[in-house]
Structure formats: C-alpha cells, structure tokens
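1 is the number of the first residue of the sequence shown in full-length UniProt numbering; add one for each residue after it. Before any comments, here is the structure.
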Amino acid sequence: MSNCQWPVAIGLVDIQLQVPESVAYILQPEPLSFPQQWKSRRILILNWFLTPSLSLKGQRGGIICTLFVKPPITNLFKSLHGGALAAVAEIVSIACARTVVVEEKELSLGELSMSYLSGAPTNAEMIADGSVVRSGRNLTVVAVEFKFNKTGMLIYTARATFYNMPVSKL
1 MSNCQWPVAI GLVDIQLQVP ESVAYILQPE PLSFPQQWKS RRILILNWFL TPSLSLKGQR
61 GGIICTLFVK PPITNLFKSL HGGALAAVAE IVSIACARTV VVEEKELSLG ELSMSYLSGA
121 PTNAEMIADG SVVRSGRNLT VVAVEFKFNK TGMLIYTARA TFYNMPVSKL
C-alpha cells in the first residue's frame, strides 16, 4: 500500500498528511450542490469538521481522527446533528476497512448501525477511533467510537459491515 500526500486546505493553512491512496480518495472533500441562490457559496462538507489542528493517525486495522463540532452541522438543540455524525462514521469506517482490504476489491456498505449515547455540543472536540472487528474474504466489520477529547467519555458508537467484492476486469 503506497502512501500519498493528502492536502487539506482550511482557511489560510495547508496541511499535508501521509495517508494511503485509498484513504486519501475517500477523505478528499467534494463540493456540495446547493440551490441556485446559494451558488456564490462553496461549502465543503468535511471542512465543517476539519480545522488546522486536525490529526489523522492510521495503522493496519485502525484509524484515529480528531473532529470539532462546528455550528453548520448542529441541530436545533445546538448539538451535533445525527445525520452529519453518520456521514463521518461512514467515512471513518471506509478508511479503516481500506487499511486491511486490498485495493483490488471494491467495498460496499451493507449495514451501518449508530448508537447515540449523549450529545456533543457546539465547539466540542471529539476523537473518532475506528478499528476493524473482523475481516474475512467476503465481509469486513468495523467499529467506531466517538469520545470527548478532554474527558474520554463515550458519546457515540457505530458499527459498519462491508461486503468485499472483486472488481471485474473486462
């Protein structure tokens, strides 16, 4: 597995991270499409989480990310929106699964289960710790735990099941 530079441009700060190519592809932010009246704004979904103090640590079978809850991804109660959290859990799960599944196989998400144990308020710093529970020939199961950085209190958990499918070559 080769490593590549993953550029993260946030404000005036550029960060270069060493990550596998498959992880860089997954984490690369893409512009969202908005209605015509919002065309002047270019908002990147991952930039709502990432800050200049982003840390991403990866090893075989595990990924650890530091995330911040910013106002655009909070709900009516000023805590992290569940849908935004599920999107991050999926991205971290795919990146974690890619550390053990060869790149010749395509990953297909079969199931994503979320447990919302508590709420993360605006500007809270969280740690997402993803680890591979089981990886076989056809299935890979990943568990992700979200904890407060200061207290270590568990606030969200996720479990994702992926189907490992060989890519056909025609």
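Backbone N, C-alpha and C fix where the C-beta goes; we use that ideal spot for every residue, glycine too. Keep in mind it's a predicted model, so treat the numbers as computed, not measured.
- The DSSP assignment places 82–97 as complete runs of the alpha helix (DSSP H) inside the UniProt domain "Thioesterase" (78–147), in order along the chain (cut-off: 4 residues).
- Around the beta carbon of Val92, 16 or more other beta carbons sit within 10 angstroms, so the residue counts as buried.
- Per DSSP, Met165 is one residue of the beta strand (DSSP E) stretching across 154–166.
- Checking the DSSP bridge columns, you'll see Gly62 partnered with Gln59, Ser131.
- Rounded to whole angstroms, Ser168 and Leu67 show a C-alpha spacing of 36 Å.
- With a 10 Å radius around the Cβ and a threshold of 16 neighbouring Cβ atoms, Asn149 comes out exposed.
- Straight across, the Cα-Cα distance linking Val133 with Lys78 is about 33 Å.
- If the five residues before and after Val101 are omitted, its C-beta is found closer than 7 Å to the C-beta atoms of Leu107, Ser135, Thr140, Asn164, all from its own chain and listed in chain order.
- Of Gly130, Gly110, Ala95, the smallest CA-CA separation from Phe146 is found for Gly130.
- Taking the Cβ atoms as the reference, Ala160 lies roughly 5 Å from Leu112, within the contact range of under 8 Å.
- When DSSP reads this structure, Leu67 sits in a beta bridge with Met126.
- A distance below 8 Å between beta-carbons, with the five flanking residues on each side excluded, links Ser115 to the following residues of its chain, in chain order: Tyr156, Thr157, Ala158.
- Proximity to Pro72 across Gly83, Ile63, Leu117 peaks at Gly83, based on C-alpha coordinates.
- When the beta-carbon positions are compared, Pro121 and Val69 come within less than 8 Å of each other.
- Around the CB of Leu117, fewer than 16 other CB atoms lie within 10 Å, so the residue is classed as exposed.
- Annotation: Ala86 to Glu104 spans about 26 Å, alpha carbon to alpha carbon.
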